[in-house]
Each structure stands twice: as C-alpha cells, then as structure tokens.
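So the structure is just underneath, and the comments pick up after that.
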C-alpha cells in the first residue's frame, strides 16, 4: 500500500497559518513525521490560497526539499500553470494530482504530463461531474488509460482515482468503489488504483475508525494507494495488519517489526 | 454478524476457578456483560475439566439461565453424551458445537442433533485431520450439508465452520478462508458460515488488532457469524463500521447510536 501523506494542504488551518507566516519549521517537522510514519509521497496542496497559490506552492516545495531532498511529492493543484512551474522545481519525478476525463481539463494537463516523467493521478470524473454509477467511473477510467497512453504515459505510472464518496450520503459508496477497483485491475493490467481516503467518512463521527476499516476492505479489493493521514495510528496499524492477512507480509516480518518499534501501539 | 460470546470456557483460568469454586456471580456478571455488548449467543465450554465436565457443564447452564432465562446458548463439547444431557436443560433452542465430517463423530452426534430443534455448528474437519486446502474444506462442507439435511436439519440452521487457522504459520490462512466462505455461499444457498475468530491471530502480538481486521475482511467475504470476545472494544467497533461500509446499516443508524451510547469509543 502506497501512502500519499495528505497533511500539507492549506485547507487545514494550521498549514494555512504556517504558509501565511512562512513558518518553514512547522512544515518541515510535519513532513518528516509523515515520512517517518511510512508516507512514500508527500502531498502538497495550496489550492485554497487562490491569490497566491503559485508562490505559496513553490515556497512549500522548496521548504520540503530543504528538509528532505529526496522526498517524492504529489503535486496537487487544479491549475495546470502551477503544476507546470512546480515540476521544474522538484528533485524527484513527482506525482501530478490531477487530470480528469473532462475534455478541456485533459487538454490543459496533457502538455504538463508530457513534459516530465511523472506519475499521473487520474480522477474518473467527466464533464457530467461526479459519476453516479460504477459503469460511468469504469468508462472514464477506460478513456483516461487510452488518452494517457497516447501521450506516452505507461500504465505503471497511472494512479486511477475512482472518486470515493461518503457512505453517509450513499450507502453503496464503499461497495461501488470495491467493484470498480476490481474491474480496473481485471481489465487494465498494470494500472494502479488510488483513493482520497477521508471522503468515505465525511459526515460521520469517529472518522478514523471508518477510514481505517474502509482501507482494509479496499486493500482486499485491490486498492494500491491512498491519499491519507499517515499520522493516524489506527489507520497505519490496520494497513500493516491487512498486509499480513492478505499474505503480503512474508513471515509477518513488517508487522512484528512495527509492533517491536512501537509503530503499532494498539 | 451474529456474535457467539466465547468467554465462558474453562480453558480460561478465571472461568475455571469460578467453576471450581461454584462462583455463580462471576459467571453471571460475565455473561450479562457479553449480552450487553452484543452477543446473541453465549458459548459454554467445560471441556478442559475432563473428570467433571458433565456436572460442571450443567451447573454452568443453570447459573447462566438463572441470570438470563432467555439466553441462547452455544453448547460446546466434544462429548455427545454431555450435549445430549445439556439440550434437555436449556430454555431456548441451542446451537450445538460441534459435529464434523469425521465419520464416527458424525454418527455419534446425529441422534443428539435429531433430538431437538437446534442450530448446528459443523466443523469442516474429516478423518484426515485439519484440512490442507480450500478444496478439502469445501468438500467437507458439501458432505456435512448433505448429511445434515438427511437427518432433517434445514440449511438455515447450519453454521459451517471452515476451520480458520493461524496466519503466523500459514500466510494464506485468511485468504483461504475468504475463498471457502464465498464458495459455500455461492453453492449452498441458505447455509451460514462461522469462524473461531481468535485462531487467526495465534502466535502473533496484538491479537485484538489482527482479529478485528480479519473480521472486517471476512464479513466482506460473506462471513455470517463469529465465536469471539464481545468485550473486545476494537472488535465490536470494527463490526459496527464494517456493516456501514457493506451497506447493511441503513442511514448508519446502528453506527451512530453505538457512538452516542459509548459502545464505540475509538
């Protein structure tokens, strides 16, 4: 399970304040904690700061790379120009978050994606908005695989986001996501799947409980990656344990190490 | 998810002591806590007390029924004679734990099963011992369904135990159990599946974490019931949450009630 740390997002009050005050130490402390906890990519998002997104984004990248020069970044912006400038700034090939199956957006993003050897987070949204059915999500995934391959992105670099929604508003949301996950893996060999984990628990209490139970079920359905909070103990404990139960942790080595080192506190 | 409380078992030191000292209050306090926590059946097992199993077993039944006259009991003994006498003592139709696909044992158990309207826990073990493969477990399940139907047990009363084993000794143990669960549901309409949950975590640290993660995955694979500890908070929280994610908790009502009443503490 590939963990994309979600914490450096200016929609979070403390991060916004740190960006506002150019508090590099706050950002660096946070990302080092995320890496220590097991994040393989660090998400960066300054989209809430519309008037200064570009300069704030570049500042964040520089600050993060100062503390962790080899960090892989997941660059998250709705603005292709922000992403275009950001990809020239990063030390490691980034993940670009995101393109979609919306025609105009895909056209805007294609040159940025084409300009570097990046991983691509592809969101299964089309011009009709948030998909209503598994078929619609699956069709959008098909469009995205086809179009991304046309511009030279190999399947291994595609992370298909199947647009996880809240179980509080749609009881079938989780089941639908498992179904689409299985279909993508069965039909687009090599393509990875990813989700924005916390969406599933929106509107309900004890969100960490829902997020962590969801991830176990989603991993069993083939989910490869999640944008989530690696500092959520229950979540990370569940991921370690699910790897054991799915036969992916030889001799339970990673699990028992995590218990011994205190990562698993349960 | 049907919960069979596993706590009243004389292989547990405190329960053995309570039975030894005829401490009815200890037993009654425990079973009331199990019922309060959500157990629908109370398991009773005095198998470790070989010299006095029958009288201890009957004492336990009487003590439990004194405190909870309507409690459903899961009567667990390897000795058909103990079960024969016990079924005459219970107020409610019990679950009998267990028969197996071992020829002699099935013959011994058949008259006891036939003597009352009981649920039957059928363990997919045959004369070769613990099954080595999903096919062997599935074949034993087929034998048990056929033979139990012959003696008049409807499928709805059969709880098929697919012999969950430890992931510490067999990395495929959990995956194998999911596979067999799906096959039993696909091919024996109406039959329920059950597992002895704690077997899966034998030999590993933080067993509650493994048990609770396993149960989420097993529920997604169709598991109907578990013999487990209903006083394990993490386990019960995970069961409530999994029901939400599998679309089985309309409007998330049971989940939000459990949060409000403090059953979900997470």
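Chains as they are written, first to last, in the working numbering: chain A, 39 to 304; chain B, 39 to 304.
In this text, a Cβ means the ideal position worked out from N, Cα and C, and glycines have one as well.
Original post:
Got a sec, what are the start and stop residues for the alpha helix (DSSP H) residue 56 of chain A sits in?
Top reply: 51–58
Subject >> Within 7 Å of chain A by C-beta, residues of the region 232–260 of chain B in sequence order >> reply: 242, 243, 244, 246, 247, 248, 251, 252, 254, 255, 258
Original post:
Exposed or buried, what is residue 141 of chain A when buried is set at 16 or more other beta-carbons lying within 10 Å of its beta-carbon?
Top reply: Burial check for residue 141 of chain A: the Cβ neighbour count within 10 Å stays below 16, so the residue is exposed.
Original post:
According to DSSP, what are the bridge partners of residue 234 of chain A?
Top reply: A/265
**OP:** Identify the continuous alpha helix (DSSP H) that holds residue 219 of chain A and give its terminal residues.
**Re:** 211–225
Original post:
Expressed to the nearest angstrom, what Euclidean distance is found between the alpha-carbon atoms of residue 91 of chain A and residue 113 of chain A?
Top reply: 12 Å
**OP:** Enumerate in chain order the residues of its own chain whose CB-to-CB distance from residue 121 of chain A is below 8 Å, with the five nearest sequence positions on each side excluded.
**Re:** 113, 115, 134, 147, 150
**OP:** Run the CB neighbour count on residue 268 of chain B, radius 10 Å, all protein chains shown included, and call it buried at 16 or more, exposed below.
**Re:** buried
Subject >> residue 161 of chain A versus A/188, A/232, A/80, A/75, residue with shortest Cα-Cα distance >> reply: A/232
Original post:
Mind checking whether the beta-carbon of residue 275 of chain A lies closer than 7 Å to any heavy atom of the ligand MG?
Top reply: Questions concerning the ligand MG fall outside what the structure shown contains, since it holds no ligand whatsoever.
Subject >> Buried or exposed by the 16-neighbour rule on C-beta atoms within 10 Å, applied to residue 215 of chain B >> reply: buried
Original post:
Along chain A, in chain order, which residues have C-beta atoms closer than 9 Å to that of residue 161 of chain B?
Top reply: Those do not exist, as residue 161 of chain B stays about 22 Å from chain A at its closest Cβ, beyond 9 Å.
**OP:** Assign residue 225 of chain B to one of two classes, buried (16 or more other C-beta atoms within 10 Å of its C-beta) or exposed (fewer than that).
**Re:** By the 10 Å Cβ count, residue 225 of chain B comes out exposed.
Subject >> Beta-carbon proximity check, residue 43 of chain A vs residue 80 of chain A, cutoff 8 Å >> reply: yes
Original post:
Would DSSP call residue 96 of chain A helix, strand or coil?
Top reply: helix
Original post:
Beta carbon of residue 218 of chain A, beta carbon of residue 254 of chain A: below 8 Å?
Top reply: Against a cut-off of 8 Å, the Cβ pair of residue 254 of chain A and residue 218 of chain A comes out as no contact.
Original post:
From the beta carbon of residue 206 of chain A, is the nearest beta carbon of chain B less than 8 Å away?
Top reply: yes
Original post:
Over what stretch of residues does the beta strand (DSSP E) that includes residue 136 of chain B continue unbroken?
Top reply: Unbroken beta strand (DSSP E) run through residue 136 of chain B: 133–138.
**OP:** Could I get the ranges of all uninterrupted beta strand (DSSP E) runs contained in the region 109–158 of chain A, with 3 residues as the minimum, in chain order?
**Re:** 110–114, 133–138
**OP:** Count the CB pairs spanning the region 178–198 of chain B and the region 240–251 of chain B that are closer than 8 Å, and state whether there are at least three.
**Re:** no
**OP:** Name the two residues that bound the continuous beta strand (DSSP E) containing residue 189 of chain B.
**Re:** That residue, residue 189 of chain B, is in no beta strand (DSSP E); it is neither H nor E in DSSP.
Original post:
Distance, Cα to Cα, residue 77 of chain B vs residue 46 of chain B?
Top reply: 12 Å
Subject >> Alpha carbon of residue 89 of chain B to alpha carbon of residue 119 of chain B, nearest angstrom >> reply: 14 Å
**OP:** Thinking residue 247 of chain A and residue 302 of chain B are a contact (beta carbons under 8 Å), I'd like their distance in whole angstroms, please.
**Re:** Cβ atoms of residue 247 of chain A and residue 302 of chain B come within 8 Å of each other, at about 7 Å.
Original post:
Are the beta-carbon atoms belonging to residue 41 of chain A and residue 290 of chain A less than 8 Å from one another?
Top reply: no
Subject >> Beta-carbon neighbours of residue 210 of chain A, restricted to chain B and to distances below 7 Å >> reply: Among the residues of chain B, those whose CB is under 7 Å from the CB of residue 210 of chain A are 285, following chain order.
Original post:
Are the beta-carbon atoms belonging to residue 389 of chain B and residue 237 of chain B less than 8 Å from one another?
Top reply: This structure gives no information on residue 389 of chain B, because the portion of chain B shown stretches from 39 to 304.
Original post:
Looking at the unbroken alpha helix (DSSP H) that takes in residue 65 of chain B, where does it start and where does it end?
Top reply: 62–75
Original post:
Within the 8 Å Cβ cut-off, does residue 290 of chain B reach chain A?
Top reply: yes
**OP:** Give the residues of chain A in contact with residue 297 of chain B, contact being defined as C-beta atoms less than 8 Å apart.
**Re:** 243, 244
**OP:** Kindly list, in the order they appear in chain B, the residues whose Cβ is closer than 9 Å to that of residue 302 of chain A.
**Re:** For residue 302 of chain A, the residues of chain B that pass the 9 Å Cβ criterion are 243, 244, 247, in the order they occur in the chain.
**OP:** State the Cα-Cα distance for the pair residue 187 of chain A and residue 153 of chain A, rounded to the nearest angstrom.
**Re:** In this model, residue 187 of chain A and residue 153 of chain A are separated by some 14 Å (Cα to Cα).
Original post:
What are the boundary residues of the alpha helix (DSSP H) that residue 255 of chain A is part of?
Top reply: Per DSSP, residue 255 of chain A is one residue of the alpha helix (DSSP H) stretching across 245–258.
Original post:
Given that a residue counts as buried once 16 or more other Cβ atoms are within 10 Å of its Cβ, and exposed if not, what is residue 288 of chain B?
Top reply: exposed
Subject >> 8 Å Cβ cutoff met for residue 175 of chain A and residue 201 of chain A >> reply: yes
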